[in-house]
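Numbering (our numbering), first residue to last: 389 to 796.
Structure first, then comments.
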Amino acid sequence: MIARLAAKAGWATSLQFRDFRFLWASTVFYSLSTGMERVAVGWLVFDLTGSPFMLGVAAAARMAPFFFLGILSGSIADWLERRTLLWFSTLGGILVSSVMAAMLLSGATHVWAVIGLVAASGCVFAFVLTTREAYTVDIVGPQHSLNGLSLDSMAMQVGGVVGAILSGALIHAVGPGWQYVAIGIAYAVSAAVLLGIGKVGQADSPRREPVLTNLAGHLQLIGSNRILLTLMVLASITEVFGFTHLTLLPVFAKEVLGVGPVGLGFMTAVRQGGALIGLFFLANLRDFQSKGLLMLGLAFGFGAGMMLFSWATNLLLFLLVLAVVNACAMAVDTLYKTLMQENVTDEQRGRAMGSWVLSVGAAPVGHVGIGGLAGVLGAPGALLVNGAVLSIVSLTVVAGLPRIRRLP
389 MIARLAAKAG WATSLQFRDF RFLWASTVFY SLSTGMERVA VGWLVFDLTG SPFMLGVAAA
449 ARMAPFFFLG ILSGSIADWL ERRTLLWFST LGGILVSSVM AAMLLSGATH VWAVIGLVAA
509 SGCVFAFVLT TREAYTVDIV GPQHSLNGLS LDSMAMQVGG VVGAILSGAL IHAVGPGWQY
569 VAIGIAYAVS AAVLLGIGKV GQADSPRREP VLTNLAGHLQ LIGSNRILLT LMVLASITEV
629 FGFTHLTLLP VFAKEVLGVG PVGLGFMTAV RQGGALIGLF FLANLRDFQS KGLLMLGLAF
689 GFGAGMMLFS WATNLLLFLL VLAVVNACAM AVDTLYKTLM QENVTDEQRG RAMGSWVLSV
749 GAAPVGHVGI GGLAGVLGAP GALLVNGAVL SIVSLTVVAG LPRIRRLP
């Protein structure tokens, strides 16, 4: 019945595949955990240090493993059976959250210990993202890649919205230690749901080269595929100057808007609600044939929206801008992933997603940079500068790189 309804609803086309429904549900629970974790880490670090710069350091610690593990995770995802790799990676999330819960509940909390565990969580997340994005296309096939990846990102946002609201309430009620117990439970449910998925999808490659061969091939792929390389650079710029606005949400919550941890949870939920709107828009496009131009237009909108934060000094205006910015943000990020996978062979899709993870790994530069910039200009001023840079880069690519602009 679900399959028939999904086939009729254009935005839900990929849900007609049974295995994708299991993957989607697993992603919701995994993102419930990461949504709670993101709010908890931001509030905990800012509460311990009172420093926007340390917020940037914590965010950088989570993202730095992406840079160092992007190529390796992609090569392993093209070697191992992807469901198995995804399952073991999710178990890693259970382990890290359990250690964090034990530390917080014992009272032996130190900011650098928190940051170290955040980095460990980032290592796990690098493998999960690489594997899940490639596995999505395995299941639904290249013809449904935009829809499948959009729905996968929607699952991340649904879990993130619930997790963000739950996180603020749990921190207020029982503290971050018990909240991390809840994070571990959600990771466990995510791992259990994965067991219902079959091993072979619509576009799974029967060829499995050794990891070392894949590593060498990954470097050759980046060097020879100019479209992939350009998309990697654009994704890195978007990450450094765009997505780093998330680092400053605790500063807005505590110092600019004065809404506390519960308010931070709702701000995070609105951010992810906006992202859902952008992803729903993409999912309805199905096999859209002007993805390059749409990608660059959304990147420009992302930057222009960030500039509006300079004038968003009341809560309602801030939430409206936050929703619009993140609708553009998640839509453009999904288009980066889709175009990367559409411009490589089936045997290279794990490496293509490893390339995306590598690009996202440039984020620590942006997180530390925006934290330092906020210390000088304030949070609104820092977002004004970053938004202007992102908008200018997007317009430059539209004018100067017609091959990217014309990607179908």
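Ideal placement from N, C-alpha and C gives every residue a C-beta, glycine not left out.
Predicted, not measured: the structure shown is a model, and the values here were computed from it.
DSSP, read as helix, strand or coil, puts Val549 in helix. With a cut-off of 8 Å on Cβ pairs, the region 463 to 473 is not in contact with the region 676 to 691, counting fewer than three such pairs. Judged by DSSP secondary structure, Gly563 falls outside any alpha helix (DSSP H); it is assigned neither H nor E. Each residue's CA atom was taken as its position, placing Gly775 and Arg450 some 22 Å apart. Pairing Thr415 with Ser578 gives a Cβ-Cβ distance under 9 Å. Non-local C-beta neighbours of Pro598 in its own chain, meaning closer than 7 Å and more than five positions away in sequence, comprise Trp467, ordered along the chain. The Cβ atoms of Asp540 and Leu411 sit closer than 9 Å to each other. Around the C-beta of Thr601, fewer than 16 other C-beta atoms lie within 10 Å, and the residue is accordingly described as exposed. In the three-state reduction of the DSSP assignment, Gly630 falls in the coil class, being assigned neither a helical nor a strand state. The C-beta separation of Leu603 from Ile482 comes to about 28 Å, leaving the pair out of contact by the 8 Å criterion. In the three-state reduction of the DSSP assignment, Pro440 falls in the helix class, which pools H, G and I.
Sequence-distant partners of Cys511 (beyond 5 residues in either direction) whose C-beta falls short of 7 Å from its own C-beta, in its chain, are Pro453, Leu457.
Sequence-distant partners of Leu707 (beyond 5 residues in either direction) whose C-beta falls short of 6 Å from its own C-beta, in its chain, are Val658. In terms of Cα proximity to Phe405, the closest of Leu479, Leu432, Val773, Asn535 is Asn535. Phe405 carries a coil assignment under DSSP once its states are collapsed to helix, strand and coil.
Boundaries of the alpha helix (DSSP H) around Val512: 499 to 528. Taking one beta carbon from each stretch, the region 564 to 571 and the region 482 to 502 have 3 or more pairs nearer than 8 Å; the two touch. Under the three-pair Cβ rule at 8 Å, the region 437 to 445 does not count as touching the region 486 to 494. For Glu730, the enclosing alpha helix (DSSP H) has its first and last residue at 703 to 730.
Around Gly754, the same chain offers Glu627, Val628, Phe629, Thr632 as residues with beta carbons nearer than 7 Å, after the five sequence neighbours per side are excluded.
Asn702 is classed as exposed because its beta carbon has fewer than 16 other beta carbons within 10 Å across all chains shown. Looking from the CA of Ala496, the closest CA among Gly565, Asn731, Trp431 belongs to Gly565.
In this chain, the alpha helix (DSSP H) harbouring Trp744 covers 737 to 748.
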